[in-house]
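Visitor: Throughout the sequence shown, residue numbering follows our numbering, covering 7 to 812 in sequence.
Next up is a structure, given as structure tokens.
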Amino acid sequence: MLTAGAHAQIPGPRKDGSTLLPNGWSIRPHGRQIPLRTDLPIRAVLHPSGSLLAIQHAGFREHIVQLVDPSSEELIAELPLGKSWSGMAFDGDGKKLYVSGGTADVIHVFDIDAEQKSGTPSATHAVGDANALDLPAGLTVAGNRLFVPLQRSHKIVVLDAVDGHEVARIELEDDSYPFECRVHDDSLWVSLWNKASVVAFDLETFEKTATIRAGQHPSELCIDAAHHRLFVSNGNENTVTVIDTERRAVQETIGSALFPVAPPGSTPNALALAPNGKLLLIANADNNDLAVVDVSEPGSSRGLGFIPVGLYPTSVCWHETGKVFVTNGKGSDGSRRNPGGPSPIRGRPRNLAEYTGSMFTGSLTAFAFPEPRRLQELTEIAYRCSPLRGGNAIRSLESRPDDSPIPAGPGQSSPIRHCVYIIKENRTYDQVLGDDPRGNGDASLCLFPEKVTPNHHALAREFVLLDNFYVESEVSADGHEWTMGAYATDFVERTWPVVYGGKDKQRLDNGKVAALGYPAEATSEVAYPKSRYLWDRAKEAEISYRSYGEFVRNASKVGDPATTPMSTLEGHFDPHYRSYDLDYRDVDRANRFLAELAEFETKGELPRLIVLRLPNDHTYGTRVGKPTPRAMVADNDVALGMVIEGLSRSRFWKSMAIFIVEDDAQNGPDHVDAHRSIGFVISPYVKRNAVVSTMYSTCSMLRTMELILGLEPMSQFDAAARPMFDVFTGTPDLTPYTGLAATWPLDEKNEKTAWGGSLSERMNLAREDAADDLLLNEVIWKSVHGPASIMPMPRRAAFVRIVERD
């Protein structure tokens, strides 16, 4: 039996000054790292005089503007917003600051005193229609006019910048999601987030004068007035489009990724032009770096290197002194633990700073632009922080045995033909397997031990215990995107913190409540990654596939056929398999799947890729009359055992591999990292009775399945992920798995005396993560350990250290 390595690689600080992230990438930010007060700094703008830097926050926690002195780099003032969304601009003389009010559908106006370095609220301008959610976004000011894109009603409103009355309205194409406006060369330029284009309008007539094709998710616009150029960041690609604003045509396309032919995943979402106009900085949010590009010769730009910054850079400003400022949307002050944690029974507010949705306190990176030799050194650091290799080269091939059933590259043969991918909900490693003495677990954090989850424990014993497995995601919104697409787009990353933070709703004048809505799982096309999802790759390769409940919409009545918004899934999903619905048992889902499996047995053909959803380990909390958390997890466990037994006794078992993952780890207790989760691989070609402590993640599972099925990677993250070579063996063992009966009563119901019953009653559990997950996790903890117990807080081991680095 393999044993958990004493020196297993885990997320956290390393000797070279970098910090290893749960997905195998790392960060080592250059310059000074300044902690900000709250999360997701989304935009930064410099005052026209250069004496102030305004930073807008629009995340899970409090929405504010922080004012920074660029000279001293000190935080000097805060301006309250209530609600906000990416959009902020100073007027021409810097006396006013205009900021989007997000789902409140207002523009906040502040009087700015640059000499005193202060701001005070002066006005609030309503925008859009009183009976619709409009969502003002990337506004701009030109003279006495304020141009405001309304992202959800797909229009531009032109306001009088003084009194806020509406001057004009420009209707845009449906579902265009206008992101940002800029005024240049007598035109208004607008990036259309969901239409891969930039449109221009005449400033007098507001007639459209041009539509110019850009890359997917065109977002931030940067003007080079001297050369009549407009730079456009394409957030769903690795590119920046350069538009000649006189010719109204694309001049060139600049690549921003570490490798020219890398898959999507860099997420360029912010731009800054040097004061002399010769260099362009591109903030690659998901690469955690800035690309440096020489743009001195229009049409012949060339990359000079990269500067590593914090986690998920969202905005970049280049001061006239040569100093560069970068806001890091997920930057923070390092690992921390709070065992005294939030608890409603102590009569004080729960500590939301310890919830996964709000633990990423933002940071500001500041540095003088480096000299050429230093830029070369920083570029080398940026490459070392990335496990991605040119040509999508496979990682860890040196650890692959010659007889491995996992191919060394796409298209090579494998004795495994069928992959089954089972997706569950929200559990950490310690919550389920912390009581297994063979692995790196903490039994005191185990909520669902072997008496509740006998099949989970038996599978970990009979096959492989993975005690160093991580998910890339924070919550279900980005979780299902990462699970199926190895990536969460800029739309998902910007939207879910606002939704989960409860700042996504507005009560309209007609009394109805409008909301941004759940931003993932095919609810909107703007959420789709460029490469789409695993079944899209299967379709491209002409591989048969079928989904059971994933990216599927239930009918309101059980038994009526479900639907899917995904064209790729039409004809490739079971309409009678129930997707997320906590009132429907996972055991019944298992029976439905096994019925179809029997049909495949008769036909002798099984889809080569099967995606199966078993969601009930999410639980109902302690809602009175509903199954207890342990009963729901036990139901999930029995269903998992049934599915694995059925597959392992089928005629397809000899050529099958089953991968089991949680969509996220949702802030549950774990003594290593709150991204650590349970993961299983089941196959005749998987080692038996083994513990493997190699650091793997969800993208490792995806990369392994892609190699088996001959699929190309979807993003930089599955391309760079370590395949799960250490889990497999070249000698198959065809012994089937025998599912275990429940050892916890499946019909156990929450009683009125259950702690948190009234709180659970008020939670919205109709959709995954619609409820307050920190509260739900505390309810579950106390339902198991008693009302007087205190839920331990999660441990995070992958954040920017707030230290000065040269």
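Ideal Cβ placement from N, Cα and C applies to all residues, glycine included.
Return the Cβ separation of leucine 286 and valine 267 in integer angstroms, given the expectation that the two are a contact with Cβ distance under 8 Å.
Guide: Sequence index remark: in the sequence shown, residue 286 carries index 280 (1-based). Sequence index remark: in the sequence shown, residue 267 carries index 261 (1-based). Incorrect: roughly 21 Å between the Cβ atoms, too far for contact.
Visitor: Quick check on the DSSP output: the beta strand (DSSP E) that includes tryptophan 324 runs from which residue to which?
Guide: Here residue 324 refers to the residue found at position 318 when the sequence shown is read from its first residue. Counting along the chain, the beta strand (DSSP E) containing tryptophan 324 begins and ends at 319-324.
Visitor: Assuming glycine 652 is part of the alpha helix (DSSP H), what are its boundary residues?
Guide: Sequence index remark: in the sequence shown, residue 652 carries index 646 (1-based). Where glycine 652 is concerned, the enclosing alpha helix (DSSP H) stretches over 635-654.
Visitor: Here's the rule I'm using: 16 or more other beta-carbon atoms within 10 Å means buried, otherwise exposed. How should aspartate 166 be labelled?
Guide: Stepping through the sequence shown from its first residue, residue 166 is reached at position 160. Classification of aspartate 166: exposed, given that the 10 Å Cβ count is below 16.
Visitor: Hey, could you find the ends of the beta strand (DSSP E) histidine 677 is sitting in?
Guide: By one-based count along the sequence shown, residue 677 stands at place 671. Where histidine 677 is concerned, there is no enclosing beta strand (DSSP E), given that its DSSP letter is neither H nor E.
Visitor: Please identify the residue among Pro581, Thr608, Pro613 and Leu612 whose C-alpha is closest to the C-alpha of arginine 598.
Guide: By 1-based counting over the sequence shown, the position of residue 598 is 592. For arginine 598, the nearest C-alpha among the options comes from Pro581.
Visitor: If contacts are defined as beta-carbon pairs under 8 Å, then serine 203 and glutamate 186 qualify, I think. What distance do you get, rounded to the angstrom?
Guide: The residue labelled residue 203 in the question sits at position 197 within the sequence shown. The residue labelled residue 186 in the question sits at position 180 within the sequence shown. Contact doesn't hold; Cβ gap of about 13 Å is too wide.
Visitor: Taking Cβ to Cβ, would you say valine 256 is nearer than 8 Å to threonine 247?
Guide: As a working mapping, residue 256 is identified with position 250 in the sequence shown. As a working mapping, residue 247 is identified with position 241 in the sequence shown. Closer than 8 Å, so yes.
Visitor: Could you tell me if lysine 430 is buried or exposed, where buried requires 16 or more neighbouring beta carbons within 10 angstroms of its beta carbon?
Guide: For the purposes of this step, residue 430 is identified with residue 424 of the sequence shown, where counting begins at 1. Lysine 430 comes out buried.
Visitor: What does the alpha-carbon distance come out to for the pair alanine 60 and glutamate 668?
Guide: Along the sequence shown, one-based indexing puts residue 60 at 54. Along the sequence shown, one-based indexing puts residue 668 at 662. Roughly 39 Å between the two C-alpha positions.
Visitor: Looking only at its own chain, which residues have a Cβ that is under 6 Å from the Cβ of aspartate 192, when we skip the five neighbours before and after it?
Guide: The residue given as residue 192 occupies position 186 in the sequence shown. Excluding positions up to five away in sequence, the list reads Leu209.
Visitor: Which residues share a DSSP beta bridge with serine 197?
Guide: Locating residue 197 in the sequence shown gives position 191, counting from the first residue. Beta-bridge pairing links serine 197 to Glu186 and Val204.
Visitor: Cα-Cα, which of Gly221, Gln157 and Phe153 is closest to phenylalanine 212?
Guide: What you label residue 212 is simply residue 206 of the sequence shown in a count that begins at 1. Closest by alpha carbon: Phe153.
Visitor: Per the DSSP calculation, alanine 216 is bridged to which residue(s)?
Guide: The residue given as residue 216 occupies position 210 in the sequence shown. Answer is Ala206, bridged to alanine 216.
Visitor: Could you have a look at asparagine 357 and say whether DSSP puts it in helix, strand or coil?
Guide: Translated into the one-based positions of the sequence shown, residue 357 becomes position 351. Any reading at asparagine 357 needs caution, since the residue's pLDDT is 49, under 50, leaving its predicted position unreliable; the model's value is listed next. Looking at asparagine 357 - three-state DSSP - the assignment turns out to be coil, as it is neither helix nor strand.
Visitor: Would you give the residue range spanned by the alpha helix (DSSP H) that methionine 662 belongs to?
Guide: Mapped onto the sequence shown, residue 662 falls at position 656. Unbroken run through methionine 662 is the beta strand (DSSP E), 662-668; no alpha helix (DSSP H).
Visitor: Output needed for valine 322: all residues of its chain with C-beta closer than 6 Å, excluding positions within five of it in sequence on either side, in chain order.
Guide: Here residue 322 refers to the residue found at position 316 of the sequence shown. Excluding positions up to five away in sequence, the list reads Ala276, Ala278, Leu287, Ala289 and Val332.
Visitor: For the 8 Å Cβ check, are there 3 or more pairs between the segment 585-593 and the segment 554-569?
Guide: At 8 Å Cβ cutoff, the stretches touch.
Visitor: Give me the Cα-Cα distance between serine 482 and alanine 494, rounded to the nearest whole angstrom.
Guide: Against the sequence shown, residue 482 aligns to sequence position 476. Against the sequence shown, residue 494 aligns to sequence position 488. Rounded to whole angstroms, serine 482 to alanine 494 spans 11 Å at the Cα level.
Visitor: Per DSSP, cysteine 425 forms a beta bridge with which residues?
Guide: For the purposes of this step, residue 425 is identified with residue 419 of the sequence shown, where counting begins at 1. Leu615 and Ala663.
Visitor: Quick one: Cα of asparagine 642 to Cα of asparagine 622, how far?
Guide: Your numbering for residue 642 matches position 636 in the sequence shown. Your numbering for residue 622 matches position 616 in the sequence shown. Going from the Cα of asparagine 642 to the Cα of asparagine 622 covers about 6 Å.
Visitor: For the candidate residues Gly368, Pro319 and Phe375, whose alpha-carbon lies nearest to that of leucine 310?
Guide: To locate residue 310, count along the sequence shown from 1; it is residue 304. Among Gly368, Pro319 and Phe375, the Cα nearest to that of leucine 310 is on Phe375.
Visitor: At the level of alpha carbons, what is the spacing between glutamine 672 and glycine 107?
Guide: To locate residue 672, count along the sequence shown from 1; it is residue 666. To locate residue 107, count along the sequence shown from 1; it is residue 101. The alpha-carbon atoms of glutamine 672 and glycine 107 are separated by roughly 29 Å.
Visitor: Express the C-alpha separation of histidine 325 and arginine 380 in angstroms, rounding to a whole number.
Guide: Mapped onto the sequence shown, residue 380 falls at position 374. Mapped onto the sequence shown, residue 325 falls at position 319. Taking the straight line from one Cα to the other gives about 19 Å.
Visitor: Report yes if the CB atom of isoleucine 650 is closer than 8 Å to the CB atom of tyrosine 583, and no otherwise.
Guide: For this step, residue 650 is matched to residue 644 along the sequence shown. For this step, residue 583 is matched to residue 577 along the sequence shown. Contact flag unset, no.
Visitor: What's the gap between the Cα of methionine 730 and the Cα of threonine 710?
Guide: Translated into positions along the sequence shown, residue 730 becomes position 724. Translated into positions along the sequence shown, residue 710 becomes position 704. The straight-line gap from Cα to Cα measures roughly 6 Å.
Visitor: Buried or exposed: where does glutamate 546 fall if 16 or more other Cβ atoms within 10 Å of its Cβ makes it buried?
Guide: Within the sequence shown, numbered from 1, the residue matching residue 546 stands at position 540. Its Cβ having fewer than 16 others within 10 Å, glutamate 546 is exposed.
Visitor: With H, G and I counted as helix, E and B as strand and the rest as coil, what does DSSP make of alanine 372?
Guide: Indexing the sequence shown from 1 puts residue 372 at position 366. It is a strand residue.
Visitor: Only counting the same chain, and skipping five residues up and downstream in sequence, which positions put a Cβ closer than 7 Å to that of threonine 489?
Guide: Your numbering for residue 489 matches position 483 in the sequence shown. Excluding positions up to five away in sequence, the list reads Ile429, Val667, Asp669 and Thr704.
Visitor: Expressed to the nearest angstrom, what Euclidean distance is found between the alpha-carbon atoms of glycine 674 and lysine 101?
Guide: Stepping through the sequence shown from its first residue, residue 674 is reached at position 668. Stepping through the sequence shown from its first residue, residue 101 is reached at position 95. Roughly 47 Å between the two C-alpha positions.
Visitor: Evaluate valine 519 with the Cβ neighbour count: other Cβ atoms within 10 Å of its Cβ, from every protein chain shown; 16 or more gives buried, anything less gives exposed.
Guide: The sequence position of residue 519 within the sequence shown is 513, counting from 1. Exposed, because fewer than 16 other Cβ atoms sit within 10 Å of the Cβ of valine 519.
Visitor: Could you check whether the segment 391-406 touches the segment 712-730, counting it as contact only if at least three pairs of C-beta atoms, one from each stretch, sit closer than 8 Å?
Guide: Output reads yes: the segment 712-730 touches the segment 391-406.
Visitor: Taking valine 115 as the reference, give the member of Asp448, Ser706, Val687 and Leu145 with the closest Cα.
Guide: As a working note, residue 115 is residue 109 in the sequence shown. With distances taken between Cα atoms, valine 115 lies closest to Leu145.
Visitor: Considering only the alpha carbon of each residue, which of Glu179, Asp292 and Ile412 lies closest to aspartate 214?
Guide: In the sequence shown, counting from the first residue as 1, residue 214 sits at position 208. The question names aspartate, but residue 214 is lysine in the sequence shown. For the residues Glu179, Asp292 and Ile412, the minimum Cα distance to lysine 214 belongs to Glu179.
Visitor: Less than 8 Å separating the beta-carbons of proline 413 and serine 419?
Guide: Along the sequence shown, read from residue 1 onward, the residue named residue 413 stands at position 407. Along the sequence shown, read from residue 1 onward, the residue named residue 419 stands at position 413. Yes. Within cutoff.
Visitor: Check this for me: beta carbons of aspartate 45 and threonine 367, under 8 Å apart or not?
Guide: Position 39 of the sequence shown, counted from the first residue, corresponds to residue 45. Position 361 of the sequence shown, counted from the first residue, corresponds to residue 367. A contact, by the Cβ cut-off of 8 Å.
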